[in-house]
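**Student:** Chains as they are written, first to last, in this note's numbering: chain W, 115 to 454; chain D, 115 to 454; chain F, 115 to 454; chain Y, 115 to 454.
Yeah, the Cβ is synthetic: ideal placement off N, Cα and C, and Gly gets one too.
Just so we're clear, the structure is a prediction, and the values are computed from it rather than from any experiment.
Please find one structure pasted underneath; my questions will follow.
Number of protein chains: 4
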Amino acid sequence: MPKKVNVAILGSTGYSAGELIKILLRHPHAQLTALTTRQDGNPPVSKIHPSLYGRTDLKCENLSTPEIIKRSDLVFCALPHGASMAVIPELLSGGCKVIDLSADYRLNGPGVYETWYGLVHTDPTRLGNTVYGLPELFSEDIKGKDLIANPGCYTSTSILGLAPLLCEGYIDSEGICIDAKSGVSGAGRNPKLGTLYSECNESISPYSVGTHRHTPEIDEVLSQVSQKEVEVLFTPHLTPMDRGILASIYARPSKKASEEELLEVIRKYYENCPFIRVVEELPTTKQTVGTNYCDITVRVSRGFVIIFSCLDNLIKGASGVAVQNFNLLYDYPETTALIV
Amino acid sequence: MPKKVNVAILGSTGYSAGELIKILLRHPHAQLTALTTRQDGNPPVSKIHPSLYGRTDLKCENLSTPEIIKRSDLVFCALPHGASMAVIPELLSGGCKVIDLSADYRLNGPGVYETWYGLVHTDPTRLGNTVYGLPELFSEDIKGKDLIANPGCYTSTSILGLAPLLCEGYIDSEGICIDAKSGVSGAGRNPKLGTLYSECNESISPYSVGTHRHTPEIDEVLSQVSQKEVEVLFTPHLTPMDRGILASIYARPSKKASEEELLEVIRKYYENCPFIRVVEELPTTKQTVGTNYCDITVRVSRGFVIIFSCLDNLIKGASGVAVQNFNLLYDYPETTALIV
Amino acid sequence: MPKKVNVAILGSTGYSAGELIKILLRHPHAQLTALTTRQDGNPPVSKIHPSLYGRTDLKCENLSTPEIIKRSDLVFCALPHGASMAVIPELLSGGCKVIDLSADYRLNGPGVYETWYGLVHTDPTRLGNTVYGLPELFSEDIKGKDLIANPGCYTSTSILGLAPLLCEGYIDSEGICIDAKSGVSGAGRNPKLGTLYSECNESISPYSVGTHRHTPEIDEVLSQVSQKEVEVLFTPHLTPMDRGILASIYARPSKKASEEELLEVIRKYYENCPFIRVVEELPTTKQTVGTNYCDITVRVSRGFVIIFSCLDNLIKGASGVAVQNFNLLYDYPETTALIV
Amino acid sequence: MPKKVNVAILGSTGYSAGELIKILLRHPHAQLTALTTRQDGNPPVSKIHPSLYGRTDLKCENLSTPEIIKRSDLVFCALPHGASMAVIPELLSGGCKVIDLSADYRLNGPGVYETWYGLVHTDPTRLGNTVYGLPELFSEDIKGKDLIANPGCYTSTSILGLAPLLCEGYIDSEGICIDAKSGVSGAGRNPKLGTLYSECNESISPYSVGTHRHTPEIDEVLSQVSQKEVEVLFTPHLTPMDRGILASIYARPSKKASEEELLEVIRKYYENCPFIRVVEELPTTKQTVGTNYCDITVRVSRGFVIIFSCLDNLIKGASGVAVQNFNLLYDYPETTALIV
C-alpha cells in the first residue's frame, strides 16, 4: 500500500473545515495529522464539530508553523484572508504543498487585492503566479503545483455557469448579470448579528451589492478563459437555508441558438468533468447539497440567455473542490472520496 | 355611526383569505357576513384557520350566488382563475361590488388571457375595461368602481419597483430583468408535491422561467403607465420561507443619475402613498412581513440600475391591497385597518 | 380626550422591545417618549428594527435615569437581569411606574435569586413583595401597583397550562414534567455561536436541563396558587423557528376525569380571561404567533394527564403580557391594543 | 471478487427509498437491479430523486412480482403497510430474502396489528415469528434470516435510549414518558395539507397523542428485552426541519445512580455497537443528520432520569439500519457503506 499523504488543516473550526475533515476521513490516501485553532486547551475536534464524535481522536491545537511543517506533506489553509498569506510562504519554504481556501492568492495582482480587501499584500510575487484551483478549467495547470488558490463559492458557481457559453461565443461578454443566492453557512461561523437565526430566518435580502469580493475573481477568471474583457454585475442574496448557492445568470446571446444547442455546448465543454451535471429540468440547490456536483442548465427567453448554476457552497464551493485539487496534485482519480 | 359594509369572501380557505379575514375583523367599517367554501359541513372558520379561534363564530359555507348577494354589499372573490369569471357577472348583476383577487380581470383582452391561462374568457367585454387595483398607480380610477381586479403579488412587487424610474425616464424600457424570490405561501394551500415541506425547505429554485402568468400583467401595466412598450424578463424563484417577495430588478439607465437622485425620484413619485417606504439600506423581506408596506431602494453599479422591491405576498401582495382598494372604493382613509 | 400615558422603554434593541414598540404605537392611551440603548449615536429606532421604518421618528438614546424620569410616567424595563435592579429603585423614587421584563423581581427572595442567577440582589426588600405580572392569576393584585414583575416566557406557558388542574385538584403536584420547545428569538439578540442560523437551523436540542432559570419561577408561582409544594422538572429545547413556545406537560391524575371534564375545568378557570383559548384540537405554536393568546388543551392517556400550552414567546410571553399589565395598571380594557 | 447481491427496492419514490438508493450505490457488495413504482412511464430514478442525477441509469418500473424475483436476491420493501404483506409471501416463496421497511411484520401478533392499523393481517403466521431488525439488540437473530422487520424511526430512537437502563434495572418500567420530536420527512412524500411547507414551517405541534402506531412496537420490544411489562406514554411532535428525531425520555430511577454511572451503563451495554455514540454533552439532532449514528446521553434531575436519544429518521431510523441488517444477513462488516 502506498504511503498516505500527511495532511494538516489550518483553521479547523469553521464550517468548510468541518466538511473538509469529513471528506479527508474517508480519503484512502490522506492521513489527517494536524488540525489547528487559535483557541487554547486543545479541544477534541468533536467538541468543535459534534457530528465528528467517534470518528477521530484528533484535537484542535494551537500549533507553531514549524510543528505544522513537521507533521504534514500538504496543508489545507482555511484561515481568513490576510492570515493565510502570513503563514503560507513559511509553509512552502518548509517543503509543504498548500491548498489555500482563503482569497489571498486568487487575484491577478496586489493592486486589485488591495482595492477589494483593503490590505497590502505581503507576498506579492506569488500573487498572479498562483494557479486558480478550479479543476474544470485549469486541471492541467493544477497538477504538480506547490500552491493552489482554491476558488470562492460564489465564484465557482458563477464561472462554471458562464464559461462554456462565453468561451464558445454564444453570449456577450458585456452586460452579464449574476443574481446569486447563498445559504447562511457561506457567511462563516463567527457570531454576528446578521447571521443570527432570528435575523436571517424567514427572510431573503441582497447584500454587498456592487462590492462583493468575489466580483474581481469572476471578472479575472472569465476574462482569462474567454480572452474577452468581462465585468459582471454580481448581486448576492442571503437566503434562509444552511447550504447551497444558486446563480441565476442573465446574459445576451451573441448568436441565435436554441436551448438544446446551448445545453449541448455546455455538455461538450464539460465532457471530461465528473462533477458537472448538465441538467434539462430547472435545478434546485437541494439536489446538490452534500455533494461535489455543480448542476447547470440554460433557458432562452425574451432576448436573454438565462443560465442556472447551483452547488453546495461548503463542498463544491469550498472543501470538495479543495480535495478535488488534492486529487489532481497527487494524481489520484479526480473523484476519490468525493462521490458518496 | 354609519352603517357597516356587509362583506363576503368567496373561497375562504386559502392563505390570502385567512389574512383577509384577519384584516376585516379589525376594520371598523366592514362586517363579515359570509365565507364560502366548496367543502361541505359548514366548518367554523377557526377549524380552517386555527389562528382565528375565538375571534369569530363565522362558518365556511357552501353558499349559492343568490344567497351571497343577499348577504353582502361587497364580495372579495378569492377563487381560482376561471372560477372567478364564472360567478362575478351574476354578483355584479345582483348589485354587489366585487374585488377579485384572481387573475380573471387583470389583463387587457381575451387573447392574451387565453394565451397565458389556457382558457377562453367567458366575460370578455369586462376584460380590459376593469380597473387594475394597484392603488399607488390607479387610485383615482378605483374610486367608485363596481369591479376591481386586485393585482398579483409578483406583479405588485415588480411594478411598484419599476414604475417611477421607468415613467420618469431614468431607465430603458428594453432589457429589464426581474429576478423574483417568493415565500412558499404564494403557491397556495392545495397539497402538491412541490410545496411539501421536505421538498422546498433548505432549497431555492427557479420555476416557470419565461412562462409565469404574472409576466403579461407586468408588461401591460408598465406599458400603460410609462407609455412605452415594455416586455420584461421575469424569473421567479421558490424560496424557503413562509412569506415575502423580493424582486431584484436589473435595468439599464437612460440617463446618468446618482443613487440619491434616483431615490429622490422614487420618493417623489410615491409622495402621497402611505404604503411605499423608500429606504436607503438594502431591505429584507422580513421587515415587511405582516405589513402592507412595499419597501423599495435602488443601487447603481457597473452600468446597471438595480432596484430592490419587497413586500408580504399575502398582505400587500394580496389581501392588504384588497382592503386598500376597499377603502378607496368606499372613501375610507386609505390606511384603515392596514397599519397595526 | 384623556391625557396619554408617557412611556419609556429601557433596552429597546432586543426582539421583545421591538414587539413592544409595535404594540404601543397602536395603543390609544400610550405615548412613547423615550427608547434607550447603550449604543452611542442616537440611531433612529427603524435602524435597529427595520420593520418600524416610517412608523415613528423616535431614536434610541443613551439617556440618564433623571432624563428617563422626566420624560415618562411609566417605564417598561427590558434590560438584562442585574441591570434592571440597578435602575428600578431610582425610577420608582422618581415617581415612575415600572413594568420590569427582566427576572429581577420575579422570585420570592434574595436567596433563591442568588442561587439561580449567581448575583447578590441589590434591592432585596422589594423582592418577594412585587406582584408577579401574570394577569390570568393575579389581575387584582396588579391593579394600582408601582412595580410589576413581568413573567418569563416559558414560565407563563407552563403556569397557564398547569394552574387550573393543579388548583382544582385534578393532577398531582408531584412528578410534573414540562417538556418545552421554544423558537430561537427567546435566546435574545446578542450574537452567540449557539444562535447562529447554521447552528440551530435544521436541528432540535435540549439545553439547560435541570438548570434553566425559569424553573424556580414556575415552582414558586404554582406553589403559591395551588397551596401545594410544587417542584417541576423543566426541560427546554431550542427549536428551529423564530417564535413560539409549546409546553408539553406530563402529570399524574389525582382523580379520574375525562378529557372533556378536564377541558371544562380549564375553561371555567379562565372564563374571564380574554387571552386564554381552551381548544379541543391539538394546537400548533403557529396559530398563536403574532397574537397575545395562550392556547391550551388536554389529553388523557395511559395513566397520564397531558397538557399542551402554547403562545408567542415575544408577545404573550413578553411584550403582549407587559401591555396587558399596563392596561390593568391604568384600568384600560384588558385587550386594548392586543387584539388585531 | 465475490459475486454481488442483486438487490431490488419496492416503492422507490419516497424519501427513505431515496436514501437507501444512495447508500446501496456505494455499497461494494450490492448491485441495484430493480426499483419499482406504481407510476407508469418508467421514469429514470433521477427524475424522482434529482440528487441522483448522473449516479445511475436505473429506472423506476412498474414490475410484476415474478419479474422482481427474477432480478433480485434480496428485496428492500419500502411499500406502505398493508401493501407489504400483500407481496412479501410471494417474494419469499420465490427465494428472495426480504427486509421490510413497513410495519407489517414488526408486531407480535395479528390482534395488536389489527387494533393499531385497522387491517386484518393477511400473513398472520409470520407475524410474531419475524425478527425485529434492530441490530443493537438482535444482531444474532438477524443473521441468516429470510425476512427482517425493519424498525420504525421513532421506535429505534426510543428503544435505543431506554433499553440499557431498563434492562440493567436502573429505571422503573412504569410511567415512562417519551416526548419525541421528528422532522417532517418522517411524514412521507405524499402531498397532504399537514405537511405543506406553509403549514408546518415556523411551528411545532403534537400529533397522534396516545394513538401513534409506533407505540405498540416500543412496548413490545422493551417488554421483550427487559422481561418486564412496559407500556410507555409516547407523544410525537412535528418539528420544522427536514430530518432528525429527538426523543426526550422521562423515567423514574429504580436505584440511586449518578449521571456518570448511568452513562457508563449505557456505554457498556453498547460496547460492540459501532453506531451508538454515548455522548456527555446534550446532543443536537443535527450532529446525527446524514449519518447512521444514534447519539444518547442521560441526565438526573429532581427525581427523574432523563434520557436524550437522537438520530436521522431516514438513515438510522430507516434506510441506514436496513443496510445494517443487510450487512448482518450476508455477514459483511456491519459498517459497510454506512460510515462516510
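Report yes if the CB atom of residue 339 of chain Y is closer than 7 Å to the CB atom of residue 287 of chain Y, and no otherwise.
**Tutor:** No, the pair does not count as a contact, with Cβ atoms beyond the cut-off.
**Student:** Is the stretch 288-303 of chain W touching the stretch 352-364 of chain W, taking contact as three or more C-beta pairs under 8 Å?
**Tutor:** A contact exists between the stretch 288-303 of chain W and the stretch 352-364 of chain W.
**Student:** Should residue 193 of chain W be flagged as near chain D, meaning a C-beta pair shorter than 7 Å?
**Tutor:** No, its Cβ sits nowhere closer than 7 Å to a Cβ of chain D.
**Student:** Given that a residue counts as buried once 16 or more other Cβ atoms are within 10 Å of its Cβ, and exposed if not, what is residue 430 of chain W?
**Tutor:** The residue in question, residue 430 of chain W, is buried, as its Cβ has 16 or more Cβ neighbours within 10 Å.
**Student:** Taking all protein chains shown into account, decide if residue 333 of chain W is buried (16 or more other Cβ within 10 angstroms of its Cβ) or exposed.
**Tutor:** Residue 333 of chain W comes out buried.
**Student:** For residue 387 of chain D, does the three-state DSSP call read helix, strand or coil?
**Tutor:** Looking at residue 387 of chain D - three-state DSSP - the assignment turns out to be coil, as it is neither helix nor strand.
**Student:** Let me confirm a value: residue 234 of chain F is counted as buried when at least 16 other C-beta atoms fall within 10 Å, else exposed. Which label applies?
**Tutor:** Exposed: under 16 other Cβ atoms inside 10 Å.
**Student:** Provide the residue span of the alpha helix (DSSP H) that contains residue 333 of chain D, from first to last.
**Tutor:** That run of the alpha helix (DSSP H) goes 328-340.
**Student:** How would you label residue 144 of chain D, buried or exposed, when you count the other beta carbons within 10 angstroms and need 16 or more for buried?
**Tutor:** Buried is the call here.
**Student:** Name the chain W residues that come within less than 9 Å of residue 303 of chain F, Cβ to Cβ?
**Tutor:** Those are 307, 310, 312 and 313, listed as they occur along chain W.
**Student:** Spatial neighbours of residue 376 of chain W within its chain, please: CB distance less than 8 Å, with the 5 preceding and 5 following residues excluded, ordered by chain position.
**Tutor:** Counting only Cβ-Cβ distances below 8 Å, and skipping sequence neighbours, we find 279, 284, 412, 414 and 419.
**Student:** In whole angstroms, give me the CA-to-CA distance for residue 158 of chain Y and residue 172 of chain Y.
**Tutor:** Looking at the two C-alpha atoms, the distance is approximately 6 Å.
**Student:** In chain order, what residues of the same chain lie with their CB nearer than 7 Å to the CB of residue 388 of chain Y, ignoring the 5 residues before and after it?
**Tutor:** Within the same chain, residue 388 of chain Y has close Cβ partners 448 and 449.
**Student:** Examine chain F for any beta-carbon lying closer than 7 Å to the beta-carbon of residue 299 of chain W, and answer yes or no.
**Tutor:** Answer yes: the Cβ-Cβ gap between residue 299 of chain W and chain F drops below 7 Å somewhere.
**Student:** For the alpha helix (DSSP H) that residue 138 of chain Y lies in, which residues bound it at each end?
**Tutor:** Its alpha helix (DSSP H) spans residues 129-139.
**Student:** Answer with buried or exposed for residue 445 of chain W, where buried requires no fewer than 16 other C-beta atoms within 10 angstroms of its C-beta.
**Tutor:** With fewer than 16 Cβ atoms within 10 Å of its Cβ, residue 445 of chain W is classed as exposed.
**Student:** Just how far apart, CA to CA, sit residue 197 of chain W and residue 189 of chain W?
**Tutor:** Near 14 Å, if we compare the C-alpha coordinates of residue 189 of chain W and residue 197 of chain W.
**Student:** Please state whether the Cβ-Cβ distance between residue 305 of chain D and residue 305 of chain Y is less than 7 Å.
**Tutor:** In this structure, residue 305 of chain Y lies closer than 7 Å to residue 305 of chain D by Cβ.
**Student:** Kindly indicate which three-state DSSP category residue 211 of chain D falls into: helix, strand or coil?
**Tutor:** In this structure, residue 211 of chain D counts as strand in the three-state DSSP scheme.
**Student:** With distance defined between alpha-carbon atoms, name the residue in W:208, W:130 and W:232 nearest to residue 265 of chain W.
**Tutor:** Minimum Cα distance to residue 265 of chain W is reached at W:130.
**Student:** Which residues in the same chain have their Cβ closer than 6 Å to the Cβ of residue 441 of chain Y, if we skip the five residues on either side of it in sequence?
**Tutor:** Contacts found: 448 and 450.
**Student:** Decide yes or no for the touch test of the stretch 204-218 of chain Y against the stretch 175-191 of chain Y: beta carbon pairs closer than 8 Å, at least 3 of them.
**Tutor:** Judged by Cβ distances under 8 Å, the stretch 204-218 of chain Y makes contact with the stretch 175-191 of chain Y, as three or more pairs qualify.
**Student:** Could you give the distance in angstroms between the alpha-carbon of residue 223 of chain F and the alpha-carbon of residue 241 of chain F?
**Tutor:** Rounded to whole angstroms, residue 223 of chain F to residue 241 of chain F spans 6 Å at the Cα level.
**Student:** Where in the stretch 267-334 of chain F do unbroken runs of the beta strand (DSSP E), each at least 3 residues long, occur, reported from the N-terminal end onward?
**Tutor:** For the stretch 267-334 of chain F, whole beta strand (DSSP E) runs of length 3 or above, ordered along the chain, are 291-296.
**Student:** Considering only residues of the same chain and omitting the five flanking positions on each side of residue 357 of chain F, which have a CB-CB separation below 7 Å?
**Tutor:** Excluding positions up to five away in sequence, the list reads 297, 299, 403, 426, 427 and 428.
**Student:** What does residue 145 of chain D pair with, by DSSP beta-bridge criteria?
**Tutor:** DSSP, once it has assigned bridges, lists D:120 as partnering residue 145 of chain D.
**Student:** Under 7 Å Cβ-Cβ, which residues of chain W neighbour residue 154 of chain F?
**Tutor:** Those do not exist, as residue 154 of chain F stays about 17 Å from chain W at its closest Cβ, beyond 7 Å.
**Student:** CA-CA distance, residue 406 of chain F and residue 381 of chain F?
**Tutor:** Whole-angstrom Cα-Cα distance: 17 Å.
**Student:** Excluding the five sequence neighbours on either side, which residues of its own chain have a C-beta within less than 7 Å of the C-beta of residue 199 of chain F, listed in chain order?
**Tutor:** Cβ neighbours of residue 199 of chain F beyond the five flanking positions: 218, 235, 236 and 237.
**Student:** How many angstroms separate the CA atom of residue 432 of chain F from the CA atom of residue 319 of chain F?
**Tutor:** Each residue's alpha carbon lies about 23 Å from the other.
**Student:** DSSP on residue 376 of chain D, reduced to helix/strand/coil?
**Tutor:** Reduced to three states, the DSSP call for residue 376 of chain D is helix.
**Student:** Can you list, in chain order, the residues of its chain whose CB lies under 8 Å from that of residue 206 of chain D, leaving out five sequence neighbours each side?
**Tutor:** Taken in chain order, the residues that qualify are 212, 260 and 261.
**Student:** The stretch 233-267 of chain F: which residues have C-beta closer than 7 Å to a C-beta of chain W, in chain order?
**Tutor:** Hits within the stretch: zero.
**Student:** Mind reading off the beta-carbon distance from residue 423 of chain D to residue 322 of chain D? Whole number of angstroms is fine, and I expect it under 8 Å.
**Tutor:** No, residue 423 of chain D and residue 322 of chain D are not in contact; Cβ-Cβ is about 19 Å, not under 8 Å.
**Student:** Please check if any C-beta of chain Y sits within less than 7 Å of the C-beta of residue 360 of chain F.
**Tutor:** It does: the Cβ of residue 360 of chain F has a partner Cβ on chain Y nearer than 7 Å.
**Student:** Note down, in chain order, every chain Y residue with its Cβ under 7 Å from the Cβ of residue 404 of chain W.
**Tutor:** Within chain Y, the residues near residue 404 of chain W are 404.
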